[in-house]
Structure formats: structure tokens, C-alpha cells
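In UniProt numbering, the protein residues as written are 1 to 199. Glycine included, every Cβ here is placed at the ideal spot set by N, Cα and C. The structure displayed is predicted, hence computed values, not measured ones. Okay, structure first, notes after.
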């Protein structure tokens with residue numbers, strides 16, 4: 001196993017749906033498909049988002065965390081990987097570029113601008129309530145990501161902005177930073193990854 005490998009959840013949590021009197025399912029939209037998951041399966045998908053911005057989820061860490069909660073995650077992770085609810089990649093590898101060419105990053109919260117006490121960081125949240133922080137480079141990708149046809153184009157666009165600001169103009173290094181910092185956004189529902197929109 002690659003020690004740089006990350007586990008990335010895909011899809012947007014749409015909430016609970018009830019069918020019948022007691023049948024409760026959690027809906028996750030991936031692309032144009034909606035997948036309904038029972039609570040225990042949804043819990044495993046949620047664990048892939050991790051719990052804070054310092055975590056680096058891998059398949060092994062997800063399975064260990066699920067086991068502590070009494071959940072057997074191995075076969076479910078296999079299914080989620082096949083069905084496109086999870087993916088694994090090395091942020092510095094060729095598979096990261098392939099992922100970025102087929103997926104988009106969508107913000108769910110508002111960009112609030114620079115942190116006055118940490119000028120290298122930008123805040124994301126609601127109105128005047130910061131929820132999380134990201135680096136300047138990742139902030140540019142996040143805030144402009146909906147205009148790009150996929151994440152890879154968004155990284156190229158942000159790299160061009162970085163040139164004007166005297167920053168790092170390498171889209172591949174920028175992509176690696178986005179993927180490394182992504183769970184800090186995912187765990188607080190500030191953003192989600194999804195399949196590239198077909199235009």
C-alpha cells in the first residue's frame with residue numbers, strides 16, 4: 001500500500017428520506033444518480049470525510065475507526081470504491097491528475113477572505129462566522145471551482161492567478177495541496193467532490 005494514499009469521499013449528502021412508515025434511508029447524490037444508504041452504511045461513508053482538518057483518511061484508518069464503532073467496513077468500502085462513492089489516490093501521483101480531470105470540487109459555504117491574524121490563510125463559513133481555514137492557493141481553487149469544467153482546469157486557472165500574485169504557478173503542486181487540505185473542507189461540509197458535469 002502507498003503510504004501517501006488518501007481515501008476521498010464523493011457525492012453530496014441530501015439528507016434523510018422515509019419510504020413507508022419506518023424505512024429510513026440517507027440519500028447521497030453522485031453526478032445525476034441518487035444512492036440511498038441505510039444508517040450504518042451512511043456512517044461509513046461519513047467516516048471517509050474524517051473528523052478534523054488534521055486527519056489523513058486511508059482505507060486502513062477508515063476501517064479501524066468503523067470497527068471501533070462496531071461496524072465492519074471492509075466489504076462496504078470495496079462496494080463504495082466500485083460504485084464511485086469513494087476513491088483512493090496519491091495526491092502527488094498521476095492518479096491525482098486523472099481524478100482531477102474527471103471530478104469537480106463544489107463549495108457549500110461562503111468565502112470570507114483572509115484571516116487578519118494569519119495572512120497566509122483564508123476563512124470559509126457563513127456570513128461573519130468562520131467555519132474552517134485553507135491556504136490562499138486552495139481558497140482560489142475552491143472559490144472559482146464552479147466556473148471550471150473540472151478540478152484540473154480549476155487548478156490551471158488558479159495557477160495563472162498565482163503568477164500575478166507572485167505565488168506558485170505549478171498546477172500539479174496546487175492540485176496536491178487541494179487534495180491534502182480537502183478533508184478540512186469535507187469534514188465540516190464546506191465543500192464536496194463530485195463527478196465532472198457533462199456540458
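- Nearest neighbour of residue 31 by Cα position, chosen from 84, 60 and 69, turns out to be 84.
- Beyond the five residues adjoining it in sequence on each side, residue 51 comes within less than 8 Å, by CB distance, of 187 in the same chain, given in chain order.
- Put simply, of 80, 140 and 41 the residue whose alpha carbon is nearest the alpha carbon of residue 70 is 41.
- In this structure, residue 124 keeps its C-beta atom at 8 Å or more from the C-beta atom of residue 177.
- Just so you know, the alpha carbons of residue 113 and residue 190 end up roughly 14 Å apart.
- Bridge pairing for residue 111: 124 [DSSP].
- Taken in chain order, the whole beta strand (DSSP E) runs of length 3 or more contained in the stretch 22-107 are 23-30, 33-37, 86-89 and 103-107.
- Between the beta-carbon of residue 59 and that of residue 88 there is about 6 Å, and that keeps the pair under the 8 Å contact cut.
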